[in-house]
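Chemist: Sharing a structure below in C-alpha cells format, with a few things to ask.
2 protein chains.
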Amino acid sequence: MEQSVDHVDSNEHRVGRARNRGRAARQASRMDGAGQNAHLQAPFISRNIPTYDLLDEENLIKIEKAADTILAEIGIEFREDPETVELFRKAGGQVTDISAEAWNIKFEPGMIRELLKTAPERFTQHARNPARSVEIGGDAMVFAPAYGSPFVMDMDKGRRYGTLDDFENFVKLAQSSPWLHHSGGTICEPTDIPVNKRHLDMVYAHIRYSDRPFLGSITAPERAVDSIEMCRILFGSEFVDQNCVIMGNFNSTSPLVWDGISTQGIRAYAAAGQGSIHLPFLLGGAVCPVTMPGAVAQGLAESMVGCALTQLARPGAPAILASFLSSMSLRSGSPTFGTPEPALGSLVMGQLARRLKLPLRCAGNFATSKLPDGQAMVQAMMSMMSAVQGGVNYVLHSAGFLDGLLSMSYEKFVMDTDLCGALHAYLKGLEINDDTLGLSSLREGGPGEHMFGTAHTLSHYETAYWDTELNDDQPFESWSEQGGDDAMIRANRRWKKILADYQAPHLAEDRDEALLDFMNRRKTEMKDAWY
Amino acid sequence: MEQSVDHVDSNEHRVGRARNRGRAARQASRMDGAGQNAHLQAPFISRNIPTYDLLDEENLIKIEKAADTILAEIGIEFREDPETVELFRKAGGQVTDISAEAWNIKFEPGMIRELLKTAPERFTQHARNPARSVEIGGDAMVFAPAYGSPFVMDMDKGRRYGTLDDFENFVKLAQSSPWLHHSGGTICEPTDIPVNKRHLDMVYAHIRYSDRPFLGSITAPERAVDSIEMCRILFGSEFVDQNCVIMGNFNSTSPLVWDGISTQGIRAYAAAGQGSIHLPFLLGGAVCPVTMPGAVAQGLAESMVGCALTQLARPGAPAILASFLSSMSLRSGSPTFGTPEPALGSLVMGQLARRLKLPLRCAGNFATSKLPDGQAMVQAMMSMMSAVQGGVNYVLHSAGFLDGLLSMSYEKFVMDTDLCGALHAYLKGLEINDDTLGLSSLREGGPGEHMFGTAHTLSHYETAYWDTELNDDQPFESWSEQGGDDAMIRANRRWKKILADYQAPHLAEDRDEALLDFMNRRKTEMKDAWY
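Chains P and S, in that order, give the protein sequences. Mapping the first sequence onto numbering that gives the first Met the number 0, position 63 (from 1) lands on 62, and the numbers just tick up by one. Mapping the second sequence onto numbering that gives the first Met the number 0, position 516 (from 1) lands on 515, and the numbers just tick up by one.
Structure (C-alpha cells):
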C-alpha cells in the first residue's frame, strides 16, 4: 500500500479532532457557509500570475505576417453596408466591387494595425451599481455567462427551447454568483418572445435582475440602437456618451466576410462610445484552415478589421479582439469543443492580443457533451484553463455552455461558476515571503509533529485554500450516508436553492418605470416578427 | 441569437455533406476506430511546448533557501536505520541522537545539493519489450496508472476491497491504452493475498500482463529485494546491474521524518542500480505549513534528502524528486485533491526540479469525488494540467484516481486515459510554418467559401485534431437516439470491452516458468502475514 493512503486515513482523523477544538473551528463557524471565500471576491479578477506564453516571438511574427498577407492579398468581403466600405476606402483600403451589395477590400500590411492605435488597451464598462463596474484589458479578467443557446436543459425537464422565464432565471443565477462579474447577453434565446422584440426583454432583465454590466442586442441595427437607448434611460445620456455602459458581441462570417448587419451594429455601438467584441467563429476545416495556426491567423485578420471599423466610427471607442476556436470530429463531422488544439490556439491569441495592445475575448467553459458529466467538465477545463492562462480579458462563455453551445444547462451553470471561483484562487498565484514559507509552523513542532494547532496554521486557516460550494470532499462514508449523489444531482439542488433565495438588487422606481415605458412603446410600434 | 449558433447548425450540415464524399471520408474509414491517433502514439511523450513558469528566479531562490534552512536548522529525523545515519554522518551530516532508534541530522546549506550532483538528469527505465522502454527526465514525460488504493469501484458493483483479479484487470487496462507509458506499481491493493506475499503477485502481473516498465515493492526491504530479484530473472543479472529496469516509490513521513523501512528500501534499490521516487505526501496544515509556499519548501527539503541517500548508496543511481501536494476542506477537515493551490505548487515544483537537474514526479489525475462525475474531472484536470504544464517527468497517478486515492475506479480509469491521449496532442504544441498557416486553403476558395474540400484540408484532415475514444461529440439527436448515455455509462461499457478484447503480450515460456518458480518458492518459505 502506498504510504500516502495511510496518511489520508490518519490525517482525516487528526484533522477531524483538530476542528473540534481551538480558534480555527470557531472562526470557521462564523463563515457564511460553503464557497464564500470572502477574501477572493472582487468586481473583476486582477490576474496575478504570469501568462502561459506558448510561442516565441519569431513564430508570433509568422502568424502576424500571415494575417497581414490575408488582408493584403485575399482581402475581406463586406456586404450590404456601403457606409462601412466608404469608411475603409477613405482610410486607404483598396475596394473592388463584387456586386451591387458586396465589396472586397484589401489592406496594405500595417494599415489595420495603424488604425487600431487609437483603441484603448484597457477600459471600464460601467455597471448601474458602481461597485460592480468592471475593467477589460491588461491584467483584468471578467467572467460572463455563456451566450446564444436556443435550447435550455435541466435534469428534471431535459432539453427544450428557452423562454423569457429561463432567460430571467439565468440572469438571476449569474447575479447570485460572486464568481461571475458580468451579466452577459443572450444567455439563452427567449424563444417565446417575437424575434424583433426579445432584445427589449433581455436588456430589461439584465437591468432589472442584475446590477452588473451586460451586453446589448446585435441582431439588427435598430435593436442595437434600442439597447443603447435603454442605457441612456438608466445612466443618463451624457454619462453614456462619455462612458462605456454596454457592449455588443459581433460575429464575422468566416472565412473573411463581414456582413452588413454586423458592421452597421458595430458602427452604432462605436458611434455611441460603447464597446464591441469582434468574433470570428472558427470551425477548422470548415470556415478556416484545418490546421490551428491558420485558424489563428485568419481569426486575427478578421477580428482586427472589425476592431478597426470602430476606430473609423469613433476613435477611442472600446473594441475587443476575439476568437472562438473549435475543432471537428473526424468521425461524425460535428464541431467539437474543449479539445487540445483550440486550447493551444487560445494561448497564442492571448500573446497576439497583448502585442496588439487590445483586450481579448477567447475560449470559456466549452463542451460538446449533452449532459453536465465528466466529459462536459474535461472539455470545459481544457478550454477554460487556456482562457485564464492565456490572459484572456473577457470570457463570455464562462458558465452553462453545453451541447456545443446549443443548450444552456442549469446544472452546468452552477458547476461552472464553482470552477470560476476556484480560478479566482488560481489567478491569485503564490506570494513567497517569510510568512507564507511558514518555517515558524515547522519550528513550533519539529520533525514528526503535526501542524493543526500552530499559530501559523491558525492565522492562515481560513484563507489558505479555496472552499468549494458544490464539490463533495467528504469521506466516502459520509457522502454515502447522505445519499451518494453525483455532481449533477447536487448541482440540480443547488440552482433551485439559489433561485429560491434570489433577491433582486434595488432599482430606482422612476428608472424602472421609464424603462418599462420605453419597452412598451417600442413593442407597440412594431408588429411581431419571428425572424 | 449569437450568430455562432447559426454557424454550429449550418456547419454541422455542411460538414456532414462533406464527409459523404471525397478522399477525406475514405481515409477516415480506413482508420481503426475512434481514438487511435496513430501519429501521436509513442513509448513516452517528448514535451514540445514550453513549461509554465509561475515564479521568477528571486522567488524560487527564496523557496530554495527556506528548504536549506529547514535542513540546516530543524533537520530531518531518521528512524530505525543506523546504516543510513552512518552514511549521512560520513558525508558531513550533523547527527544528534534522539533515542536508540531515532536520530536528527542537520545538513549545512548546499551539502545535499552537492550530493545530488552525481544523480542523472535523465535516464532510461527499460521495459521487457525494448520498444516500450521509457525515458524519465528532461523533456520526457511518462504517464502511469494511479497507485495505492485499498478499494476499487465500478458502476455495477460499487466500492469494495481490491483483489488480485482487480489488480490484473487494471494492469490489462493500462497495457491496452496507448496513452499510458508505464504499468505503475500497486495500482490497487490485492487484499485477498497476504500482505507479505502480494508483492510477488503484483510484480508477476506487471511482467505477465504488460510489456511496459513498472514499479516494485517498497513495504519492506526484503520485498524490495524480491522485486529486484524477479527483474534479474526477467532481464538477466548483468543487465539489471547496469540498467534501470524497476523503481520503488518511497514516502517520507512528513513533516521531516524518513523511517527505516523507507530508507532501507531506498538503499536496496539504489545499491542495485535501480530507480527510486522520493515522495513527501503533503497535506497542508496537517503535516506541512498550511500555506502552499511552505508546503513546497518542506517537500523540496524532504525529497532532496531521500534522493541524496541514493547517491550515498551508489553514485549515479537514478533518483526522482517528488511532491504530492494537497489541501484541506475548511468545513470537514478532509484532505482535498485537484484544488487550485496545489496546482500552483506543482508548477513551482517543476521549476525547482529543473534548477536541481533532477527528474520530477508530481500531481496527476487527482479527485476527491466518489464517482467519475463532473466533480471528478474538474479536479483531475486542475491537477493533471499542472503536471503537464509544469514539465513533470513521471506522473504516477495518471488514471483511475478517485475518492481521495482510497478507490481505483474502472470507469475513471478509461476517462483518464482518454484525457491522457488529449494531452499527447496538447504537449505536441503548434508548429508554425507556411503549410500550417494554410493560406493556400483560404486562397483556394476565397472569402465566404468553405474549406471542406481544399487540398490543404484533405492533406491534414486525419491528423489536425485529437480524436477521442470516449467522448460523445455527436449532435444531441444522434446521441439521444443511441440512448442518451452519460460519460460514466459509456466508460463502463468501454472498460468491459477493453478487458474482453485484451490479449497478453508474448512472454518467453522459460522466463515465465522461472518467475513462477521463484514466486512459489518464496511463498513457500514464508507463513502468511497480514501486516
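We put the beta carbon where it would ideally sit given N, CA and C, even for glycine. No experiment lies behind these values; they were computed from the predicted model shown.
1. Could you check how far apart the C-beta atoms of residue 73 of chain P and residue 346 of chain P are, in whole angstroms? I think they sit under 8 Å.
2. Using a Cβ cut-off of 7 Å, pull out every chain P residue sitting near residue 445 of chain S, in sequence order please.
3. For chain S, check one thing: does any of its Cβ atoms lie closer than 8 Å to the Cβ of residue 455 of chain P?
4. If you scan the stretch 216-278 of chain P from start to end, which runs of the beta strand (DSSP E) of 3 or more residues do you find wholly inside it?
5. Measure from the C-beta of residue 365 of chain S to each C-beta in chain P and report whether the shortest distance is under 8 Å.
6. Could you tell me whether the Cβ of residue 201 of chain P comes closer than 8 Å to any Cβ of chain S?
7. Does DSSP put residue 122 of chain P in a helix, in a strand, or in coil?
8. In terms of DSSP beta bridges, what is residue 363 of chain S paired with?
9. Comparing the C-beta of residue 56 of chain P with each C-beta of chain S, is any distance below 8 Å?
10. Identify the contact partners of residue 306 of chain P in chain S, using a Cβ-Cβ distance below 8 Å as the criterion.
11. Could you pull out every residue in the same chain whose Cβ sits closer than 7 Å to the Cβ of residue 326 of chain P, ignoring the five residues on either side in sequence?
12. Since residue 475 of chain S is in the alpha helix (DSSP H), which residue starts that stretch and which ends it?
13. For residue 22 of chain S, does the count of other Cβ atoms within 10 angstroms reach 16, so buried, or fall short, so exposed?
14. Going by beta-carbon coordinates alone, are residue 180 of chain P and residue 141 of chain P separated by less than 8 Å?
15. Do you know offhand how far residue 456 of chain P's Cα is from residue 425 of chain P's?
16. Compare the beta carbon distance of residue 375 of chain P and residue 34 of chain S with 8 Å and say whether it is the shorter of the two.
17. For the pair the stretch 40-59 of chain P and the stretch 424-442 of chain S, tell me if three or more CB-CB distances fall below 8 Å.
18. Residue 195 of chain S bridges to which residues according to DSSP?
19. Using a Cβ-Cβ cutoff of less than 7 Å, which residues in the same chain neighbour residue 406 of chain P once the five nearest sequence positions on both sides are dropped?
20. Would residue 525 of chain P be called buried (16 or more neighbouring beta carbons within 10 Å of its own) or exposed?
21. At 7 Å on the CB atoms, spell out the chain P contacts of residue 348 of chain S, in chain order.
22. Going by Cα to Cα distance, which pick from P:237, P:226, P:232 is closest to residue 247 of chain P?
23. Helix, strand or coil for residue 99 of chain P? Go by DSSP, reduced to three states.
24. Using a Cβ-Cβ cut-off of less than 7 Å, list which residues of the stretch 327-345 of chain P approach chain S; keep chain order.
25. Taking just the CA atoms, how far does residue 360 of chain S sit from residue 197 of chain S?
26. Mapping the DSSP letters down to three states, classify residue 464 of chain P as helix, strand or coil.
27. Please classify residue 249 of chain S as buried or exposed, where buried requires at least 16 neighbouring CB atoms within 10 angstroms.
28. Name the residue from S:192, S:128, S:462, S:490 whose alpha carbon lies nearest to the alpha carbon of residue 38 of chain S.
29. Residue 493 of chain S versus chain P: which residues are under 7 Å apart at the beta carbon?
30. Roughly how many whole angstroms lie between the Cα atoms of residue 513 of chain S and residue 290 of chain P?
31. Taking a cut of 8 Å between CB atoms, which residues from the stretch 88-107 of chain P lie near chain S?
32. Using a beta-carbon distance cut-off of less than 9 Å, what residues from the stretch 466-479 of chain S approach chain P?
33. Restricting to Cα atoms, I'd like to know which of S:271, S:400, S:458, S:356 is closest to residue 115 of chain S.
34. Tell me whether residue 96 of chain P is buried or exposed, calling it buried when 16 or more other Cβ atoms sit within 10 Å of its Cβ.
35. As a quick exercise: from P:125, P:497, P:436, P:521, pick the residue whose alpha carbon is nearest that of residue 295 of chain S.
36. Assign residue 236 of chain S to buried or exposed, taking buried as 16 or more other Cβ atoms, counted over all protein chains shown, within 10 Å of its Cβ.
Modeler: In short, the structure shows the following:
1. No, residue 73 of chain P and residue 346 of chain P are not in contact; Cβ-Cβ is about 26 Å, not under 8 Å.
2. Within chain P, the residues near residue 445 of chain S are 73.
3. yes
4. 245-250, 274-278
5. no
6. no
7. If DSSP states are grouped into helix, strand and coil, residue 122 of chain P belongs with the strands.
8. Residue 363 of chain S has S:396 as its beta-bridge partners, per DSSP.
9. no
10. Simply none; closest approach about 17 Å.
11. 283, 335, 338, 340, 341
12. First-last of the alpha helix (DSSP H) with residue 475 of chain S: 475-480.
13. Because residue 22 of chain S sits at a pLDDT of 42, beneath the cut-off of 50, its placement in the model cannot be relied upon, and the point is left open.
14. yes
15. Counting only the Cα atoms, residue 425 of chain P lies some 20 Å from residue 456 of chain P.
16. no
17. yes
18. DSSP lists no partner for residue 195 of chain S.
19. 148, 150, 151, 152, 158
20. exposed
21. Those do not exist, as residue 348 of chain S stays about 12 Å from chain P at its closest Cβ, beyond 7 Å.
22. Nearest to residue 247 of chain P by alpha-carbon distance, out of P:237, P:226, P:232, is P:226.
23. coil
24. 327, 328, 329, 330, 331, 332, 333, 334, 335, 338, 339, 340, 342, 343
25. The alpha-carbon atoms of residue 197 of chain S and residue 360 of chain S are separated by roughly 25 Å.
26. coil
27. buried
28. When only C-alpha atoms are compared, the closest one is S:462.
29. Neighbours of residue 493 of chain S in chain P, taken as residues at a C-beta separation under 7 Å, are lacking, since the least C-beta distance is about 12 Å.
30. 52 Å
31. Using a CB distance below 8 Å, the part of the stretch 88-107 of chain P facing chain S consists of 103, ordered along the chain.
32. 466, 467, 469, 470, 471, 472, 473, 474, 475, 477, 478, 479
33. S:356
34. exposed
35. Residue P:436 is the option with its Cα nearest to residue 295 of chain S.
36. exposed
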